[in-house]
Every structure is written in structure tokens, then in C-alpha cells.
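Residue numbers (the working numbering): 1 to 304.
Encoded structure:
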């Protein structure tokens, strides 16, 4: 596209503000600043503007662009820009099993099951995927024995073989439905600013009341799944399953919806407040679902 001159790419350019048209609610321009010329404003004027900056930076720019007509930020008459920040909490465990794996060959790719996308109606609502990664935990070579003695040469290799060839280590994980509260949000942090003095984004995730109430059932259910998995492989968990301290696969912040009073964009990503401004991809999701959203982001972008 660049070679055919259908796209002009301006790299190292930070867009800090969207500017309204005079007397209208359309976007007239975007103000950008090149890293090597931080005091020089580059004004971009266009018929359409598309924000494709991901879950964090799209709502951040909308909030930074506040003005007298939109004092809470561009596209934010509903007050929902930066709210309902979504993603996935997850439960993890480590286990040893009898099956043979090959640590280091495929560690970034998991086996994944979607068997649990639907839950029985007579059980607490828990919807999740299930993943298994090979792991080298406890199987790495050691320079010292358990007594602290230095190991070299064949002694090192033999000690490594004695551990590495006995079963396998695996990492287990379930990503589960993590419905965000309206107070799961991105705000502008006056205590942290970039080189231009703009407040940086601060994200604090929070589940809604229903999701919070079922956290205990979710942990119990997923722990039971892990137990069944390792039992089937004549293995054991090497520690208690734990809940993540952060949310993975970030989405939300410019949620889509039919009602302009409770959402930022429509199903095509067009903002309710500005007919020539679109937000694309991850920020438009109302929730994170229960698995990686990459293909969903792509599909929504193509639709837009």
C-alpha cells in the first residue's frame, strides 16, 4: 500500500489531540507532534478519522481531547469512554505428569480446549477455556547439587538427566469470563505525564457485582478441572491453583452499543457523537469473552 502510494505513513508522530469543526460535532483535524520536533504542531485534516490505537491509547486520546463542548472528552457524552475496561482474569497451576513432553520446543503455544464454553444450567455460571503448556519448571540444568556442590561436565549432565527424564512439567491455565464493572476504567493520571506534559493513562480493573460473587465458584470449578486433567495423566499438582493479579488480553474502553446514552460507538465502530470518527478493534468490545480476542478484533475491523 505504501509502495503504491495508497497509504502515507508518518512514523514517530504522536497524535495528542482531536479538534472539532467550528460550530459542528464532526472532527476537523488531528494535531500531531514529531519526536524530533516536539514544539512543532503537525495538523492533519481529513473527511474521516479512525482510531486504531488499541485498548489503552484510543480512549486515552479521546479523554485528552476534551474541550468546551465536550468537557469530559471527545465522543464521551455518555460518560463511558475509558469505562468497562475488559480482558481476562485467569487461574493457573503447575503440575507434573507421566506423559512425555519436550520442554523448549513449543513453549509459546498451548494446547487449548473449548469444552467448557457452555456450562450446565443447574451449576454456577463458569465459562472458560482450558490450556496446557509444556514447561521446564524443575527440569532445567543446575550448576549446583541440592547440597550446594558445584557440578561440571558429565556430573552436571547426569544430574540433569535424572530429573528431566522422569515425567514432565506442564503449566495449566483457564481464562474465564471476566465481566467488567462500569468502574473498571482508564483515567488520566496527573501524577504521571509524558514529555509534552499530557497525563498518562491509569487503568484499574474491577469485576461487576455478579462476576465478583461467582469468583469462589470459578476457582473451585477450575481447580476441579485441573485435578481431573492431572489424574488422567497419572500426575499431580505441585501447588494450589492461583488467580491472576492482572487481566490479560485487554479490551474495552470504547464499548459498542445501540444506545448512545450507555455506549461510545455503534456496531461498525462509528462514534455516536461524531459521524466522521471511528474507533476500531479491541476498545469496542463490551466484555473480553472467555478467550483471546484477536480474531474478533480483526473481524470487527474488517466490518468497520
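Virtual Cβ for every residue (Gly too), placed ideally from N, Cα, C.
Considering just the uninterrupted stretch of the beta strand (DSSP E) at residue i, what are its terminal residues?
i	result
residue 57	Unbroken run through residue 57 is the alpha helix (DSSP H), 54-64; no beta strand (DSSP E).
residue 96	86-97
residue 331	Because the chain is modelled from 1 through 304, residue 331 falls outside the range shown and cannot be assessed.
residue 49	49-51
residue 279	277-279
residue 111	111-113
Residues in the same chain with beta-carbon distance under 8 Å from residue i, minus the five sequence neighbours each way, listed in chain order, please.
i	result
residue 144	150 and 151
residue 142	151, 156, 159 and 160
residue 256	263, 264, 265, 266, 267, 269, 284, 285 and 286
residue 16	31, 32, 33, 61, 64, 196 and 198
Can you tell me whether residue i is buried or exposed? The criterion is at least 16 other CB atoms within 10 Å of its CB, across all chains shown.
i	result
residue 33	buried
residue 240	exposed
residue 134	buried
residue 180	buried
residue 317	Outside the modelled stretch of the chain, which goes from 1 to 304, sits residue 317, for which no answer is possible.
residue 175	buried
residue 298	exposed
residue 197	exposed
residue 71	exposed
residue 117	exposed
residue 139	buried
residue 18	buried
residue 306	The chain is shown from 1 up to 304; residue 306 falls before or after that span and cannot be answered.
residue 230	buried
Please return the same chain residues whose Cβ sits closer than 6 Å to the Cβ of residue i, not counting the five positions on each side in sequence.
i	result
residue 363	With the chain covering only 1 through 304, there is no way to say anything about residue 363.
residue 218	126 and 176
residue 208	179 and 181
residue 192	200
residue 101	134 and 168
Return no unless some Cβ of chain C is closer than 8 Å to the Cβ of residue i.
i	result
residue 73	Any reference to chain C falls outside this structure, which holds one protein chain only.
Among the residues of its own chain, which have a CB less than 7 Å from the CB of residue i, if the five just before and after it don't count?
i	result
residue 20	27, 28, 67 and 69
residue 75	62, 81, 264, 271, 273, 274 and 277
residue 9	2
residue 98	167, 233, 234 and 235
residue 110	131, 132 and 133
residue 185	82, 83, 85 and 204
Could you tell me how far apart the beta carbons of residue i and residue j are, in whole angstroms, since I believe they sit closer than 8 Å?
i	j	result
residue 54	residue 247	Actually they are not in contact, since the Cβ atoms of residue 54 and residue 247 sit about 14 Å apart, beyond 8 Å.
residue 113	residue 253	Not quite, the Cβ-Cβ distance comes to about 30 Å (not below 8 Å), so this is no contact.
residue 201	residue 183	With a Cβ gap of about 16 Å, residue 201 and residue 183 do not count as contacting.
residue 96	residue 238	6 Å
residue 92	residue 171	7 Å
residue 52	residue 281	6 Å
What are the boundary residues of the alpha helix (DSSP H) that includes residue i?
i	result
residue 297	294-303
_Please give the ranges of any alpha helix (DSSP H) in the stretch 162-225, keeping only runs that are unbroken, at least 4 residues long and fully inside the region._
Within the stretch 162-225, the complete alpha helix (DSSP H) runs of at least 4 residues are 209-213.
_Secondary structure, beta strand (DSSP E): runs of 3+ residues fully inside the stretch 8-46_ = 13-20, 27-34 and 37-45
*Taking only runs that begin and end inside the stretch 221-254, name each unbroken beta strand (DSSP E) of 3 or more residues, in chain order.*
248-251
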